[in-house]
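Undergrad:
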Amino acid sequence: MATIKIRNTNEVIEGEENVLQFLEAQGVLYEKWDTAKLPAALQNETHINDEDKEQVLSTFDSEIRSLAERRGYHNWDVIALNEKTPDLDALLKKFEQVHTHTEDEVRAITAGSGIFIIKSEDKGYFDVNLAPGDVISVPVNVPHFFTLTDERQVVAVRLFIEKEGWVAHPFQDPEFEQAK
Ligand SMILES: [Fe+2]
Numbered sequence: 656m657a658t659i660k661i662r663n664t665n666e667v668i669e670g671e672e673n674v675l676q677f678l679e680a681q682g683v684l685y686e687k688w689d690t691a692k693l694p695a696a697l698q699n700e701t702h703i704n705d706e707d708k709e710q711v712l713s714t715f716d717s718e719i720r721s722l723a724e725r726r727g728y729h730n731w732d733v734i735a736l737n738e739k740t741p742d743l744d745a746l747l748k749k750f751e752q753v754h755t756h757t758e759d760e761v762r763a764i765t766a767g768s769g770i771f772i773i774k775s776e777d778k779g780y781f782d783v784n785l786a787p788g789d790v791i792s793v794p795v796n797v798p799h800f801f802t803l804t805d806e807r808q809v810v811a812v813r814l815f816i817e818k819e820g821w822v823a824h825p826f827q828d829p830e831f832e833q834a835k
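Using our numbering, read the sequence shown as starting at 656 and increasing by one per residue.
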């Protein structure tokens, strides 16, 4: 279950109803997938090969198609990051820059964990800590970035309207520098 921390106030938001309500007010889609559906060998396993990634996609085929139908996604894939990922530190450094996209950014965490840092309309930046089964979509043009938690590993399904729409546009924000 996702938890939220508001950076300016250190307020923590927990519990399904509270998290849902907060994210809804921010225009952020939040849903859950049942990761118990994954084959046992893939449950909370981030060291996966291409065949395993196909298995992740086929396990969640109906969930993916439901999202795609509702929200217009045409492509999807699986990304896996762990300590064996070449240049993980450099990759994370690249991730950890506030940016926007011209389409929404949807991620379903199927193993490991991750954090989306998102700028709200009225509360500054907040962290959404994501666990396996958490599905989130950052709205179009909302400043944000993604990073890993201390366990530094994740498997996520990504859905795209068009891959070009997902190009990151850097967002320079003095407010973010203050909220670090
Ligand atoms: Fe992004």
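Every residue, glycine too, gets a C-beta built ideally from N, C-alpha and C.
Assuming contact is defined by CB atoms lying nearer than 9 Å, are Leu814 and Ala766 in contact in what I supplied?
TA: no
Undergrad: Relative to the C-alpha of Asp707, which residue among Val797, Lys818, Val810, Ile659 is closest?
TA: Val810
Undergrad: Is Val790 near ligand 3, in the sense that its beta carbon is under 8 Å from a heavy atom of that ligand?
TA: With respect to ligand 3, the structure offers nothing, as its ligand set consists of ligand 1.
Undergrad: Any contact of the segment 775 to 792 with the segment 727 to 742, i.e. 3+ C-beta pairs under 8 Å?
TA: no
Undergrad: Thinking C-beta only, is Val795 closer than 9 Å to Glu758?
TA: Going by C-beta atoms, Glu758 is nearer than 9 Å to Val795.
Undergrad: Consider the C-beta atom of Trp688 and the heavy atoms of ligand 1; say whether any pair is separated by less than 8 Å.
TA: no
Undergrad: Name the DSSP bridge partner or partners of Trp731?
TA: Leu814
Undergrad: Taking 6 Å as the limit between beta carbons, can you name the residues of its chain near Lys687, skipping five residues before and five after?
TA: Gly788, listed in sequence order.
Undergrad: What does the alpha-carbon distance come out to for the pair Val783 and Val674?
TA: 9 Å
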